[in-house]
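With the UniProt record's numbering applied, the sequence shown covers 1 to 448.
Every residue gets a Cβ at the ideal spot worked out from N, C-alpha and C, and that includes glycine.
Everything on this sheet refers to the single structure shown next.
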Amino acid sequence: MAFAVSQIPRTLAREFTLRNALSTTFKRPNQFITFHSFASHRQMVVKARLKVTVTRNCFFSTEQTNQAHKSSPKINDSKPSLEKSTKPEQPSIQKKPSGIHDYFSQNNKEQGKRLPAFPIVLIFTASAIAFLGLYQYFYSTVNKYPEEIRKNLKKGLYYQNYRSDPIRAVNYYQTALTEAFNHAELDNSSAEVTGIMIQLGSLYEELGRIRDAADVFTMAYDAIVTPNRISIKLDGEKKLRSIGLAQKLGDLHQSLKQDEQAEKYFVWSVEQLLQSQHELDQSNHDHSNRDGLFSKGRDLTLPPWMTSTDLGASLEALATFYSSRHKYAYALPLYLRALSLINPPESSCHSAVLMNNISEVFTGMGNLEEAQGWAERGLKLVENFKQKRKNTECEEACGVLLFNLGMISEASEYYEKARNFAKKIDFTDCVNEADLALQRINNLTNKN
Numbered sequence: 001m002a003f004a005v006s007q008i009p010r011t012l013a014r015e016f017t018l019r020n021a022l023s024t025t026f027k028r029p030n031q032f033i034t035f036h037s038f039a040s041h042r043q044m045v046v047k048a049r050l051k052v053t054v055t056r057n058c059f060f061s062t063e064q065t066n067q068a069h070k071s072s073p074k075i076n077d078s079k080p081s082l083e084k085s086t087k088p089e090q091p092s093i094q095k096k097p098s099g100i101h102d103y104f105s106q107n108n109k110e111q112g113k114r115l116p117a118f119p120i121v122l123i124f125t126a127s128a129i130a131f132l133g134l135y136q137y138f139y140s141t142v143n144k145y146p147e148e149i150r151k152n153l154k155k156g157l158y159y160q161n162y163r164s165d166p167i168r169a170v171n172y173y174q175t176a177l178t179e180a181f182n183h184a185e186l187d188n189s190s191a192e193v194t195g196i197m198i199q200l201g202s203l204y205e206e207l208g209r210i211r212d213a214a215d216v217f218t219m220a221y222d223a224i225v226t227p228n229r230i231s232i233k234l235d236g237e238k239k240l241r242s243i244g245l246a247q248k249l250g251d252l253h254q255s256l257k258q259d260e261q262a263e264k265y266f267v268w269s270v271e272q273l274l275q276s277q278h279e280l281d282q283s284n285h286d287h288s289n290r291d292g293l294f295s296k297g298r299d300l301t302l303p304p305w306m307t308s309t310d311l312g313a314s315l316e317a318l319a320t321f322y323s324s325r326h327k328y329a330y331a332l333p334l335y336l337r338a339l340s341l342i343n344p345p346e347s348s349c350h351s352a353v354l355m356n357n358i359s360e361v362f363t364g365m366g367n368l369e370e371a372q373g374w375a376e377r378g379l380k381l382v383e384n385f386k387q388k389r390k391n392t393e394c395e396e397a398c399g400v401l402l403f404n405l406g407m408i409s410e411a412s413e414y415y416e417k418a419r420n421f422a423k424k425i426d427f428t429d430c431v432n433e434a435d436l437a438l439q440r441i442n443n444l445t446n447k448n
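Below, the structure is given as structure tokens:
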């Protein structure tokens, strides 16, 4: 079943984006810089040039305006003379507008009309957005750090995302982290200090320095979970951040072929989520007679900082780990629990992915009847879902489910369906695997 393991999407879109105290990062697409606020989840777009381009007919910075005032001659405020000029009158030549400023100035003089409202609104809106973006940069959470740390953080963010110089960014982050460790007012377990670690670890991962990334994330995890080498009870945002770090460490150790370490972090993240769920269940039972304790529509089995996607992602990550190591007895209950969180299953195409994975597990356990039943159930869900709207996850799941059904029964009919469907959606891997399977069946038939 190697094909199905490698091609089908295995995990939910995780909510565990590592929570970072650094409130601003810089992204530089083709024409815009996007300022992301991790704290408020808001996003603003400003024009790509950070520095104001200064020309004589354009905007001036404050310093240049002051210098211009000092060096420019005084303006003659006297009233214009009413005497007629002795020079012969020159024929007026209509000058073509050379820019938007000249265009509107000339139109105003010739037609005596006011500046159209739309350009004014557009200019005002752009200026306001630019101001808010720059305000967010200069007065963001980064500025809450002590000055010596703040300088290095800003330089690190700048070189990482604006100048595309990650090596220099690493150096600045390392310096900022060292200064944060030695600063009397900052606690190593705080969101500010662990935020620098997360920023540095994420950059290491982007650079392919997985071992370094794992070391830095471990440092952040230990700082939160065992400050002063003593385990503490976690809750809320701190717990969510530590679970995100644990999942990240599980992924990194898995890629480093360190299965024991990977399993430790995956198991810990699941245990923490289930423990929080159990504690809330107990609390709900103890206060079952109190009305209005929970907001309407909230899942009463989950704490307010946790979503079903959070829990499902952790369960599925651990299940996938066990399944890839052929520990099917451990993987099956985790997949089933993850599937139970999608209620009803028909509401999401990811249910079909989970059903495919459950089918794989039963195949690995030798229970082909159950495997076929789960695969057919997933295929039915996909076909119903496809009729409503197009979905990439659904389409790939459909191709893989058809292939797996063919593999379970060694029926060329399913392989043919899988190949034809995969061709429609340009799913090359599925096409190749189906061709190989059909060739294998033909060879067996010819021998017989």
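#1: My assumption, with CB atoms under 8 Å, is that residue 269 sits in contact with residue 246. Please give the rounded CB distance.
#2: Nearest CA to the CA of residue 176: which residue from 199, 340, 399 and 343?
#3: On the three-state DSSP scale, how would you describe residue 349?
#4: Which runs of the alpha helix (DSSP H), 4 residues or longer, sit entirely within the region 207-291?
#5: Can at least three beta-carbon pairs, one atom from the region 378-387 and one from the region 360-367, be found at a separation below 8 Å?
#6: Would you kindly check if the distance between the Cβ of residue 252 and the Cβ of residue 223 is under 8 Å?
#7: Quick one, which of 178, 424 and 420 has its alpha-carbon nearest residue 435's?
#8: For the alpha helix (DSSP H) that contains residue 162, what are its first and last residues?
#9: Three or more C-beta pairs closer than 8 Å, one from the region 203-218 and one from the region 180-192: is that the case here?
#10: Does DSSP put residue 405 in a helix, in a strand, or in coil?
#11: Give the secondary structure of residue 321 by DSSP, where H, G and I count as helix, E and B as strand, and everything else as coil.
#12: Which residues in the same chain have their Cβ closer than 8 Å to the Cβ of residue 397, if we skip the five residues on either side of it in sequence?
#13: Measuring CA to CA, which of 262, 234 and 241 is closest to residue 275?
#14: Using only alpha-carbon positions, find the residue among 332, 237, 323 and 179 that is nearest to residue 307.
#15: Could you pull out every residue in the same chain whose Cβ sits closer than 8 Å to the Cβ of residue 143, ignoring the five residues on either side in sequence?
#16: Report yes if the CB atom of residue 418 is closer than 8 Å to the CB atom of residue 406, and no otherwise.
Considering the structure as presented:
#1: 4 Å
#2: 199
#3: coil
#4: 210-225, 236-255 and 259-286
#5: no
#6: no
#7: 420
#8: From DSSP, residue 162 is part of no alpha helix (DSSP H); its letter is neither H nor E.
#9: no
#10: helix
#11: helix
#12: 8, 9, 349, 352, 353, 356, 378 and 382
#13: 234
#14: 237
#15: 150
#16: yes
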